[in-house]
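A.B. asks: Start counting the sequence shown at 622; every next residue gets the next number (the working numbering). For every residue, glycine included, the Cβ atom is placed at its ideal position computed from N, Cα and C. Given the structure is predicted, the values throughout are model-derived calculations rather than measurements.
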Amino acid sequence: MSSTRYYLPTLVLLIAALLVPVIASAQTTGKIRGTVVDAADGTPLPGVNVSIDGTTQGTVTDIDGQYIILRVSPGTYGVRASFIGFAPVTQTGISVQVNKTSFVDFQLREEVFEGEEIVVTADRPIVQVDRTTTSSVLDGEQLASLPVTNIREAIDLQAGIVDGHFRGGRTGEVGYLVNGVPINNAFSQDASFEIEQNMVENLEVISGVFNAEYGQALSGIVNIVTKDVADKWSGNVLGYVGALASSRDIEFVRRDVAAGNNLSASDFSSEFVSYWDAADMRNVTDVQASIGGPLIRDRLGIQTSVRYLNDKSHFLTRDLFSPADSSQLLNSGLPEEFWQIESTGSGDFVSRNSTERLSINGTMSYNLSSAVKVDYNVFTQGGTFTPYAHFYKYVPDAVNKTEFFNQTHILGLRFLLSERSFANLSYSFLRDKTDVRLYESENDPRYVSSQLSSLQGVNSFAVGGNDLFTSDQLTQTHTVVGDYTIQANNVHQAKVGFSARLHNIDNRDFGIERSFRTGFQPQASPDQFADNRLNTNPKELAAYVQDKMEFENLIVNAGIRFDYFDPDYDIPIDWAQAELAQIPDPSNPDQTISNRVAADAEYQFSPRVGIAFPISETGVMRFSAGLFFQVPAGGLLYTNPEYEVNPASSVNSFGNAGISPERTLSFEVGLQQGITDRIGMELTVFSKDVRNLLGQEILRNPNGDFAIRWINRDYGTIRGITASMFQRGGGTLAWTVDYTLQFAEGTSSSAGEAFGRQQS
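(1) Rounded to whole angstroms, what is the Cα-Cα separation between N670 and E762?
(2) Indicate whether T722 and E1171 have their beta-carbon atoms separated by less than 9 Å.
(3) I need the straight-line Cα distance from S840 to G785, nearest angstrom please.
(4) What did DSSP end up calling V643 once you bin it into helix, strand or coil?
(5) Rounding to the nearest angstrom, what Cα-Cα distance links S1397 and N1261 in this structure?
(6) Mind checking S573: buried by the 16 CB within 10 Å criterion, or exposed?
(7) Mind checking G796: buried by the 16 CB within 10 Å criterion, or exposed?
(8) Mind listing, in chain order, the continuous beta strand (DSSP E) runs of no fewer than 3 residues lying wholly within the region 1267-1305?
(9) With DSSP run on the structure shown, which of helix, strand or coil describes E957?
(10) Rounding to the nearest angstrom, what Cα-Cα distance links P746 and D849 in this structure?
(11) So, helix, strand or coil for M820, using DSSP?
(12) Starting from the Cα of I782, find the closest Cα among G954, R1349, A1355, S1345 and give me that residue.
(13) Do you know whose CA, among T1157, S1381, F1364, E1374, lies nearest F787's CA?
(14) Buried or exposed: which applies to W1356, given that a residue is buried once 16 or more other Cβ atoms fall within 10 Å of its Cβ?
(15) Any idea what DSSP makes of E1061, helix, strand or coil?
(16) Smallest Cα separation from N1313: which of S1287, S1281, I1296?
(17) Short check: CB of N1158 to CB of H1124, under 9 Å?
(18) Quick check on this structure: which residue in E738, T664, S766, T1213 has the alpha carbon closest to the alpha carbon of T594?
(19) Below 8 Å on the Cβ atoms is my guess for P1228 versus N1174; work out the distance and round it to an integer in Å.
(20) To test your reading of the DSSP string, which unbroken beta strand (DSSP E) runs of 3 or more residues are found completely within the region 1148-1234?
(21) Report the three-state DSSP secondary structure of Q1379 (helix, strand or coil).
(22) Assuming contact is defined by CB atoms lying nearer than 9 Å, are E825 and I772 in contact in what I supplied?
(23) Could you give the first and the last residue of the continuous beta strand (DSSP E) run that contains I804?
(24) If you draw a straight line from the alpha carbon of V927 to that of G856, how long is it in whole angstroms?
(25) Tell me whether W897 sits in a helix, a strand or coil according to DSSP, three-state version.
(26) As a quick exercise: from T1100, A1246, E957, Q1379, pick the residue whose alpha carbon is nearest that of R1052.
(27) Give the C-beta separation of L916 and I923 to the nearest angstrom, bearing in mind that I take them to be a contact with Cβ-Cβ under 8 Å.
(28) Buried or exposed: where does G1394 fall if 16 or more other Cβ atoms within 10 Å of its Cβ makes it buried?
(29) Sorted by chain position, which residues of the same chain lie with C-beta nearer than 6 Å to N1156's C-beta, five sequence neighbours on each side aside?
(30) Just the Cα atoms here: how many angstroms apart are P1147 and K1160?
(31) Could you give the residue range of the beta strand (DSSP E) that holds L729?
(32) The ligand MN and D1056: does any heavy atom of the ligand fall closer than 8 Å to the residue's C-beta?
(33) So, for L798: in the same chain, excluding its five sequence neighbours on each side, which residues have a beta-carbon less than 8 Å away from its beta-carbon?
(34) Tell me the rounded alpha-carbon separation between S975 and L1286.
(35) Just to confirm the assignment: which complete beta strand (DSSP E) runs, minimum length 3, are found wholly within the region 1067-1146?
(36) With distances taken Cα to Cα, identify the nearest neighbour of W1331 among L1315, P1207, N904.
As structure tokens, then:
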């Protein structure tokens, strides 16, 4: 569905202005509600004070004895009810989760002794009665107890999720949010940075139909809330050291003589070495630390978390050859005894596919008043990833490293407008920089020509040379998000909002050449086809309306979302001649016309609905359905951004900024059932109809060569069931057993399969 570029941005802003004067963010808080009655006869008690221990949050019951406390941060609390003439009651262990309602009812009895107070330890319900879709919530303590080292491993433990694929969807179909702000990189469509485990207060993973407040995702949502400032100073330090504990033998070539430049093939032999002997004893180093507390009590506080990770992985190489080593006659056809081999490497084993990363999260919170709160979060993450390249197994210093640095700043304003309404306003700036290179400068003299001295053949390895390309990728995003929520009455909680994401993608990929035309000095290649540049400013706008209805025996989540995307790029009119800026006018061949036109903006309205209702005291049925919208990754929209056609290549690929967004129609039916107070089960049947998936269109240019572009051609149907049985924590043991059976059928499992089939 396309539209003009002119009136839709105005329409979106008009809708947003009518909806709410502040701008919207995904939910990062929960809600506590319940009823207070007289224990003697069950009569509702109006005017009872209900408060959350350790906070300033509270309310009083209405004429029906009902109360609602909004905007409660995730965590575990004590809730106290007090009324003149009745003994106060405090219920402890009340768990509050993001986007969920915790029901806490009280029975007060007349006070017999003055000052008497009753404390009750609440049991967390085995089923979440207001959950209308498949989701799981993990708090910081649960994450710390799981046998995982990062958030992605915790996500993969949830039913229906396999290696980042949510219910059979492709990778890149998940929306990531931190403190209500989306953090997906517009170019890669993945999370811009990895939130460290020790920074997380609450992790919500939604693999089913999600509410209208979430967008730009087809398969799932990962909603992360980081740790808030504690009311008392506290800190912790945690460290791990790991080793590869394996006696498995792996085969390596070894050098039987000292390093030199006039060696023969007989100076090398094969050996089997175990991981024990080849890998470093300290294979993983993981240090985490957190500290925080109030600077001005009840007004100003800070929280800081740091993590240093050095994971060397289990991929091993051997440093036998340096990139500058030059061997002679290896591919001359002469017998091995004529070969002249230069091998100056140390002979040591070197880990590859390794990651070294430093992450820092700082939080500052300031209460301007009882109704206005300001918070600032900064996330910085930098490090190096060194990949494993099998061809360079014996030249480990020849492979490009990936250096990354991300900084994300989030400034939030939280307004408590009344006891039953609040608003959030957030601005964030994200800067994600990734450099793929071997050396800092393309003129570094350590670059050598190529792999001319390498052996040839399927099972051969390089004996010199190095990578000769560089990639500089920079994505910057300004995001404004927010929401306005009102508890209109004891049934309806309405929420409206919008978001705006303004991206800048500034990339350059180029080759490095050291040849006669560069004076045998390394420099960026003068070949125009070896240097690609991209600079564009795509925009995303969205608005939504949502209503959560909590009837006595029925929960309904209903909403509609509007998404708009402008790719800010020109596309060819005639794709078979995409490299030409001007083409002959079909109606007047003697004249030329422009071969470029601005790609259309795209938009969609997406309705969503979820229903849950109890079928017994410990059983809840649910149904949900929705339409979802996601713009493909910028890496596909803007492939070969200059539309160049290399005459030396018989295959040329083009991106397509005019691609329509991918769409999914999804529905599910589920059952939550408590078996005992601590053991429960969940069963879900789901189906997804996926349309407008990216695929390849294969064209022939006027020279008869292949021209490939991305179009919306693939589709699929996914259906399946997930079953889960779990024992909740609280004792000495907690466990979960999940089973997933799903069938995914369609035209292709990845976007790039079509050309491979054509070649076959």
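C.D. replies: Walking through what the data contain:
(1) Each residue's Cα considered, the two are about 31 Å apart.
(2) Contact: yes.
(3) Roughly 10 Å between the two C-alpha positions.
(4) Per-residue confidence for V643 stands at a pLDDT of 33, beneath the threshold of 50, marking its modelled position as unreliable; no derived number is given.
(5) Residue 1397 cannot be examined here, being either before or after the span of the chain that is shown, 622 to 1381.
(6) No information on residue 573 is available, as it lies outside the stretch 622 to 1381 that the chain covers here.
(7) Buried, by the Cβ-count rule.
(8) Scanning the region 1267-1305 from its first residue to its last, the whole beta strand (DSSP E) runs of 3-plus residues come out as 1272-1275, 1283-1295.
(9) Looking at E957 - three-state DSSP - the assignment turns out to be helix.
(10) Distance between the alpha carbons of P746 and D849: 25 Å.
(11) DSSP places M820 in helix when its eight states are reduced to three.
(12) Checking every option, the nearest Cα to that of I782 belongs to S1345.
(13) When only C-alpha atoms are compared, the closest one is F1364.
(14) Under the 10 Å beta carbon count, W1356 is surrounded by fewer than 16 other beta carbons and is classified as exposed.
(15) Residue state, collapsed to three classes: coil.
(16) Residue S1281 is the option with its Cα nearest to N1313.
(17) Yes, they are a contact pair.
(18) The structure shown has nothing for residue 594, since the chain only spans 622 to 1381.
(19) Not quite, the Cβ-Cβ distance comes to about 24 Å (not below 8 Å), so this is no contact.
(20) 1152-1157, 1160-1172, 1175-1187, 1191-1193, 1203-1206, 1209-1215, 1217-1219, all fully within the region 1148-1234.
(21) Reduced to three states, the DSSP call for Q1379 is helix.
(22) A distance of 9 Å or more separates the beta carbons of E825 and I772.
(23) Where I804 is concerned, there is no enclosing beta strand (DSSP E), given that its DSSP letter is neither H nor E.
(24) If I take the Cα positions, the gap works out to 11 Å.
(25) Taken through DSSP and simplified to helix, strand or coil, W897 comes out as helix.
(26) Nearest C-alpha to R1052 among T1100, A1246, E957, Q1379: T1100.
(27) Yes, they are in contact, since the Cβ atoms of L916 and I923 sit about 6 Å apart, within 8 Å.
(28) Absent from the model: residue 1394. The displayed extent of the chain is 622 to 1381, so no value can be given.
(29) Only D1127 meet the Cβ criterion.
(30) If you take the alpha carbons of P1147 and K1160, they lie about 33 Å apart.
(31) Its beta strand (DSSP E) spans residues 727-729.
(32) This structure does not include the ligand MN; it has no bound ligands of any sort.
(33) So the list reads A647, I804, Y835, I842, V843, N844, I845, once near-sequence residues are dropped.
(34) Their backbone Cα atoms lie some 39 Å apart in a straight line.
(35) You should have 1090-1108, 1113-1134.
(36) Of the candidates L1315, P1207, N904, the one whose C-alpha sits nearest the C-alpha of W1331 is L1315.
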